[in-house]
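A short write-up of the structure that comes next.
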Amino acid sequence: MSTYKPEENIEQNPRVKAVFDDIRKTRNSEFINNMWYYIAFDEDLLETTWADVKRVMAEPTVLDPLTKEMLYLAVSIANSCAYCVHSHTAAARAKGMTDAQHGEILKIVSLAAKTNHIANGLQIPVDDVFDKDKS
């Protein structure tokens, strides 16, 4: 259950409408997902979050769009964000993620979590060869 209920007619706020219109234009879709409705109570939060998402996820960079979505999915799993796991699984599938790729992501995330917990639990010192300042 959410800790907040979005206002009805939130797009009557011109700042919110401008961001929502940019989301629609950027994504070439009329759909605005709940994340944006729920953070729209704070125009600054909405604007800065969308600007970051647009810059990193929507604008061309050295990583292709599918790789970006699969990375976002992996981090969302690691951070236990059910909302983001669902939305970025859907986005990755829309960009071509196969069932085999999804399964491999799950294997990698679970393996990384296991070995991270072991390394943290033992406080294993970092090998000098891995530390660019020491190599």
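Going by numbering that gives the first Met the number 0, the sequence shown opens with residue 0, and the numbers climb by one from there.
Just so it is clear, CB atoms sit at the ideal spot from N, CA and C, and this is done for glycine as well.
These figures come from a predicted structure and were not determined experimentally.
Cβ shell of P64 (< 6 Å), same chain only, five flanking positions each side left out: K94
Buried or exposed for V128, going by 16 or more other Cβ atoms inside 10 Å? exposed
Going by the CB atoms, is the gap between L62 and V15 shorter than 9 Å? no
Is it right to say A118 is buried, meaning 16 or more other beta carbons lie within 10 angstroms of its own, or is it exposed? exposed
Check whether A91 and M69 have beta carbons under 9 Å apart: yes
Short check: CB of M34 to CB of Y71, under 9 Å? no
Own chain, CB closer than 8 Å to Y37, minus 5 neighbours either side, in chain order: S1, Y3, P5
Could you name each continuous alpha helix (DSSP H) segment of 4 residues or more that falls completely within the region 49-116, going from the start of the chain to the end? 64-77, 81-93
Can you tell me which of the three DSSP states I123 falls into? coil
Apart from the five residues just before and just after A73, which ones in its own chain have a Cβ nearer than 6 Å to its Cβ? I104, V108
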